[in-house]
Amino acid sequence: MTKRFVTCIIALIALVGGVVACGETQVETPSPEPKSIWERAPEEVGEQFTNDASDVLPALARISIMVDDEAEPDEFPYQREWMHASIKVFTDNDSIYEGRAGIHVRGNTSRDFDKKSYALETWDANDEDLDVGLLGLPAEEDWVLQGPFSDKSLIRNHLIYTLSRDIGRYAARTRFVELEINSEYRGVYVLMEKIKRDDTRMALPSGAVLLKRDWVEGGNRFIQTTSCKDDLKVEWPDVVDDVVARLDAVEAELLGGSFGSIDLNSFVDHMLIVELGRNVDGYVLSTWITLSEDNILGMGPVWDYNGALGNASYFEAWIPEGWHYENPEFPGDNPRGFCWYEALLGNEPFLELRRERWQMHRAGAWSDVAIEARIDEAVAILEPAIDKNFERWPILGTVVWPNDLDAQSRTTFIEEVTYLKSWVRERTAWMDLALRN
436 MTKRFVTCII
446 ALIALVGGVV
456 ACGETQVETP
466 SPEPKSIWER
476 APEEVGEQFT
486 NDASDVLPAL
496 ARISIMVDDE
506 AEPDEFPYQR
516 EWMHASIKVF
526 TDNDSIYEGR
536 AGIHVRGNTS
546 RDFDKKSYAL
556 ETWDANDEDL
566 DVGLLGLPAE
576 EDWVLQGPFS
586 DKSLIRNHLI
596 YTLSRDIGRY
606 AARTRFVELE
616 INSEYRGVYV
626 LMEKIKRDDT
636 RMALPSGAVL
646 LKRDWVEGGN
656 RFIQTTSCKD
666 DLKVEWPDVV
676 DDVVARLDAV
686 EAELLGGSFG
696 SIDLNSFVDH
706 MLIVELGRNV
716 DGYVLSTWIT
726 LSEDNILGMG
736 PVWDYNGALG
746 NASYFEAWIP
756 EGWHYENPEF
766 PGDNPRGFCW
776 YEALLGNEPF
786 LELRRERWQM
796 HRAGAWSDVA
806 IEARIDEAVA
816 ILEPAIDKNF
826 ERWPILGTVV
836 WPNDLDAQSR
846 TTFIEEVTYL
856 KSWVRERTAW
866 MDLALRN
């Protein structure tokens, strides 16, 4: 999430859809079921992600981490070296897993929050990576312990990731836990899957590429496309030699008005999710991208929605009306990060696909009833820990960056949840109207 201290304007992000033609440009019509590699595909790339038993939320669990020599990870917020530790996972006060682990503070601006988030690795007795299935999630060794802080509803990331999976798009699966580090209570956390290439997460085949658009840190894994000057990080595979050339070929087609190398449905759904949340980082930061083995460009999975759903005071993100991408300040944090969508948005068939997919999702997984049910089920699971969390972090009724300025008037957890529900209803109502025709 990008740090700004000015209450400025946001441009809401365009929900996209369709194929496109400009002037006399020839357009390649996508097949009825364009190939997609955004969603997790256990057997074959392109298979839709389907919710399974791992998407049934269990009761609130507890994770206890004892760092070796009782070292304090919060004292080293900018250190990415693993601190060695032991971990125990409890449900109903019964230990269901014990083992070794590595931990360090993670995040960009969230590193400065009092309540830190952590990267977590599960290890064997020799402190080597060990795949473990935690709380019903598929076995892996890389995890995230996200500490909701500025998001006082505690559920924004969980909610958006769930809504993404509800429409067949893989997003990190989540579990609510209470966290202790060195016997000190740290509050409510969201245990979630780290985005990576793995058969249980992003099941990309050999030849595919997993990329991320975010703050540029430098290094040989960062690349820049030729036409759009888009800065991207190659997360997988390790060999990046031909990635720029492959992306350049796709960009050339896209900017020339041909979309045969674009997974249009994934571009549309990704934008619809960004717009539903009016995410301040949408498109240009914390943005995951896939390139298939046969060079089909796809968007997703979604990531980092703490500052979404009415929870930010810049880019006019607290306002339920308007498209993010139409704001004159967008995309200020990454000026070339919207280039691909710019090539799509001026074309009627693409906009028509956007309208069709929005209406399809609203008739099912994204109906008002369905969304509120997802909120209610999460709140019910958190209920036993709410008071304790806000005793540990007494921030209700205060403005914690990047909160909307009205946050100071919401002095209870229930008021935060009510605000979230109200904002989502107003947002979906505006999008219904905007995408009616």
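Residue numbers (this note's numbering): 436 to 872.
A virtual CB, placed ideally from N, CA and C, is assigned to each residue, including glycine.
Given the structure is predicted, the values throughout are model-derived calculations rather than measurements.
For K550, which option in L855, G622, L682, D698 has the closest C-alpha, if you only look at C-alpha atoms? Taking the first residue of the sequence shown as position 1, residue 550 is located at position 115. Nearest of L855, G622, L682, D698 to K550, Cα basis: G622.
Report the rounded CA-to-CA distance for I616 versus G745, giving the unit in angstroms. Within the sequence shown, residue 616 is the residue found at index 181, counting from 1. Within the sequence shown, residue 745 is the residue found at index 310, counting from 1. Between I616 and G745, the C-alpha separation is close to 31 Å.
Once you ignore the five residues that flank D803 on each side, which residues in its own chain have a CB closer than 7 Å to its CB? Numbered from its first residue, the sequence shown carries residue 803 at position 368. If we look at D803 and ignore the five residues flanking it on each side, its Cβ neighbours are R860, T863.
Which word fits D649, buried or exposed, when buried means at least 16 other C-beta atoms lie within 10 angstroms of its C-beta? Position 214 of the sequence shown, counting from 1, holds the residue named residue 649. The residue in question, D649, is buried, as its Cβ has 16 or more Cβ neighbours within 10 Å.
Closest to E701 by C-alpha separation, out of D673, G582, L689, I731, would be which residue? Locating residue 701 in the sequence shown gives position 266, where the first residue counts as 1. The question names Glu, but residue 701 in the sequence shown is Ser. Closest option to S701, Cα to Cα, is I731.
Straight-line gap, L870 to P784 (C-alpha atoms, nearest Å): Here residue 870 is taken as the residue at index 435 of the sequence shown, counted from 1. Here residue 784 is taken as the residue at index 349 of the sequence shown, counted from 1. Computed Cα separation, rounded: 13 Å.
Look at the Cβ atom of V612, then the Cβ atom of I498, and state whether they are nearer than 8 Å. Residue numbering aside, residue 612 sits at position 177 when the sequence shown is read from its first letter. Residue numbering aside, residue 498 sits at position 63 when the sequence shown is read from its first letter. Yes; because the gap between Cβ atoms is below 8 Å, this pair is in contact.
Decide if the region 669 to 684 is in contact with the region 697 to 711; the criterion is three or more beta carbon pairs, one per stretch, under 8 Å apart. no
Tell me R541's beta-bridge partners as DSSP assigns them. On the sequence shown, position 106 is the one that residue 541 refers to. According to DSSP, R541 bridges with S552.
I'd like to confirm the pairing. Which residues does DSSP put opposite W558 in its beta bridges? As a working note, residue 558 is residue 123 in the sequence shown. For W558, which the question treats as bridged, DSSP gives the partners R535, D564.
Can you round the beta-carbon distance between E670 and K647 to whole angstroms, since I take them to be within the 8 Å contact cut? Translated into the one-based positions of the sequence shown, residue 670 becomes position 235. Translated into the one-based positions of the sequence shown, residue 647 becomes position 212. Their Cβ separation, rounded to whole angstroms, is 5 Å, which keeps E670 and K647 in contact under 8 Å.
As a quick exercise: from R610, S748, M795, P770, pick the residue whose alpha carbon is nearest that of H593. Counting from 1 along the sequence shown, the entry for residue 593 is found at position 158. Per the Cα distances, R610.
Buried or exposed: where does V852 fall if 16 or more other Cβ atoms within 10 Å of its Cβ makes it buried? Your numbering for residue 852 matches position 417 in the sequence shown. V852 comes out buried.
DSSP state of A798, grouped into three classes? Translated into positions along the sequence shown, residue 798 becomes position 363. Here A798 sits in coil by DSSP.
Segment contact, 8 Å Cβ cut-off, at least three pairs: the region 717 to 732 with the region 765 to 775: yes
For S530, which of helix, strand or coil comes out of DSSP? As a position in the sequence shown, residue 530 is number 95, starting the count at 1. Strand at S530.
Tell me the rounded alpha-carbon separation between G772 and A815. Along the sequence shown, read from residue 1 onward, the residue named residue 772 stands at position 337. Along the sequence shown, read from residue 1 onward, the residue named residue 815 stands at position 380. Distance between the alpha carbons of G772 and A815 is about 38 Å.
Quick one: grab the DSSP three-state call for V859. Reading the sequence shown from its first residue, position 424 is the one you call residue 859. Looking at V859 - three-state DSSP - the assignment turns out to be helix.
In terms of alpha-carbon separation, which member of N528, V737, G642, V715 lies closest to Y896? A question about residue 896 goes unanswered here, because the residues of the chain that appear run from 436 up to 872.
To the nearest angstrom, how far is the alpha carbon of L447 from that of Y749? Numbered from its first residue, the sequence shown carries residue 447 at position 12. Numbered from its first residue, the sequence shown carries residue 749 at position 314. The predicted model places L447 with a pLDDT of 31, which falls under 50 and marks its position as unreliable, so this point remains unresolved.
DSSP beta-bridge partners of A496: By 1-based counting over the sequence shown, the position of residue 496 is 61. DSSP lists V612 as partners of A496.
Relative to the C-alpha of E619, which candidate in F548, I500, N741, D566 has its C-alpha closest? Taking the sequence shown and counting its residues from 1, the one referred to as residue 619 is at position 184. Taking only the C-alpha atoms, the option nearest E619 is I500.
Please return the same chain residues whose Cβ sits closer than 6 Å to the Cβ of E533, not counting the five positions on each side in sequence. In the sequence shown, counting from the first residue as 1, residue 533 sits at position 98. Correct list, in chain order: K523.
Does the Cβ-Cβ distance between N782 and P583 come in under 8 Å? In the sequence shown, counting from the first residue as 1, residue 782 sits at position 347. In the sequence shown, counting from the first residue as 1, residue 583 sits at position 148. In this structure, P583 does not lie closer than 8 Å to N782 by Cβ.
Which residue from Q514, S521, I531, E556 puts its Cα closest to that of A496? The residue you call residue 496 lines up with position 61 of the sequence shown. Ranking the options by Cα distance to A496, first place goes to I531.
Nearest to L569 by CA position, among F511, P493, R632, is which residue? As a working note, residue 569 is residue 134 in the sequence shown. Of F511, P493, R632, the residue nearest in Cα terms is P493.
Name the one or two DSSP bridge partners that S721 has. Here residue 721 refers to the residue found at position 286 when the sequence shown is read from its first residue. Bridge partners of S721: none, in fact.
Reduced DSSP secondary structure (H/G/I, E/B, other) of A820: The residue labelled residue 820 in the question sits at position 385 within the sequence shown. In this structure, A820 counts as helix in the three-state DSSP scheme.
Taking only three categories from DSSP, how would you classify W753? Start at 1 with the first residue of the sequence shown, and residue 753 comes out as number 318. Three-state result, W753: coil.
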